[in-house]
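One structure is given below, encoded as structure tokens.
In my numbering, the protein residues as written are 4 to 215.
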């Protein structure tokens with residue numbers, strides 16, 4: 004377990020430090036990327052990174068304002084054997100939750116959906132994704148061979164993003180809880196900032212929950 008406070012690189016200044024965080028985020032590390040941590044810190048978060056097999060009880064003991072489900076390798080069903088029950092507990096606790104890539108897939112399973120092996124995986128930095136909530140198209144970076152089966156999602160889960168290459172699922176959100184995730188990598192910035200709004204969405208959810 005460790006704490007992260009390094010922020011994004013700025014031309015002429017280099018990397019910075021988040022010295023006055025507004026939120027405490029616990030990030031489950033299934034293979035997390037440093038730039039994800041930097042973007043969380045840049046958006047006002049102190050981040051405590053915990054091992055993949057950390058229990059829900061231990062996460063809750065850290066009193067997070069939000070939980071982040073990281074990217075990582077492999078089959079979501081395999082990692083999900085120990086991660087999905089923890090994710091379900093977080094969702095049931097109404098803690099704002101944000102997932103990326105593997106975290107997105109395991110959230111889909113935790114919410115009652117299924118994942119599937121893709122005929123052709125998505126790899127690279129020029130993947131168009133449509134945000135179904137507003138019609139905007141983002142240029143994204145992807146690196147996955149599994150996908151959430153959109154037809155398996157229960158009624159309380161909304162498909163928010165879709166790949167314009169093959170129509171596969173690229174994002175979901177719960178309709179009645181502060182929980183959402185995306186299949187692609189917003190921190191990779193191929194757009195270059197097309198998808199950074201997702202980190203602000205996460206902090207907005209934490210702020211709203213604090214005010215409630």
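Note that the Cβ used here is the ideal one computed from N, Cα and C, for glycine as well.
Beta bridge counterpart(s) of residue i as assigned by DSSP
| i | result |
| --- | --- |
| residue 102 | 72 and 184 |
| residue 206 | According to DSSP, which records beta bridges pairwise, residue 206 is partnered with nothing at all. |
| residue 131 | 142 |
| residue 153 | Paired residues: none, contrary to the question. |
| residue 6 | 51 |
| residue 118 | 151 |
| residue 126 | 146 |
Within 8 Å, strictly: CB atoms of residue i and residue j
| i | j | result |
| --- | --- | --- |
| residue 129 | residue 150 | no |
| residue 165 | residue 107 | no |
| residue 174 | residue 152 | no |
| residue 163 | residue 207 | no |
| residue 199 | residue 40 | no |
| residue 180 | residue 97 | yes |
| residue 188 | residue 103 | yes |
| residue 33 | residue 110 | no |
| residue 99 | residue 69 | yes |
| residue 132 | residue 118 | no |
| residue 6 | residue 31 | no |
| residue 22 | residue 44 | no |
| residue 36 | residue 74 | yes |
| residue 14 | residue 101 | no |
Any C-beta of chain E under 8 Å from that of residue i
| i | result |
| --- | --- |
| residue 100 | No chain E appears in the structure shown, which is made up of a single protein chain. |
Range covered by the beta strand (DSSP E) that runs through residue i
| i | result |
| --- | --- |
| residue 32 | 26 to 32 |
| residue 86 | That residue, residue 86, is in no beta strand (DSSP E); its alpha helix (DSSP H) goes 79 to 95. |
| residue 35 | Counting along the chain, residue 35 falls outside any beta strand (DSSP E), and DSSP gives it neither H nor E. |
| residue 190 | Neither: residue 190 is in no beta strand (DSSP E) and is coded neither H nor E. |
| residue 176 | 172 to 177 |
| residue 161 | 160 to 166 |
| residue 19 | 17 to 20 |
Integer-rounded CB distance, given that residue j should sit under 8 Å from residue i
| i | j | result |
| --- | --- | --- |
| residue 91 | residue 53 | Contact flag wrong, Cβ pair sits at about 17 Å. |
| residue 89 | residue 59 | 5 Å |
| residue 114 | residue 79 | At roughly 12 Å, the Cβ-Cβ gap does not stay under 8 Å, so residue 114 and residue 79 are not in contact. |
| residue 145 | residue 125 | 4 Å |
| residue 160 | residue 94 | Contact doesn't hold; Cβ gap of about 11 Å is too wide. |
| residue 86 | residue 55 | 6 Å |
| residue 38 | residue 211 | Actually they do not touch by this definition, with Cβ atoms about 26 Å apart. |
| residue 2 | residue 140 | Because the chain in this structure spans residues 4 to 215, residue 2 falls outside the shown range and cannot be described. |
| residue 138 | residue 112 | Not really, about 28 Å apart at Cβ, beyond 8 Å. |
heavy atom of the ligand ZN below 7 Å from residue i C-beta
| i | result |
| --- | --- |
| residue 102 | Ligands are entirely absent from the displayed structure, and the ligand ZN is therefore not among its contents. |
Minimum length 4: unbroken alpha helix (DSSP H) runs contained in the region 46 to 71:
59 to 64
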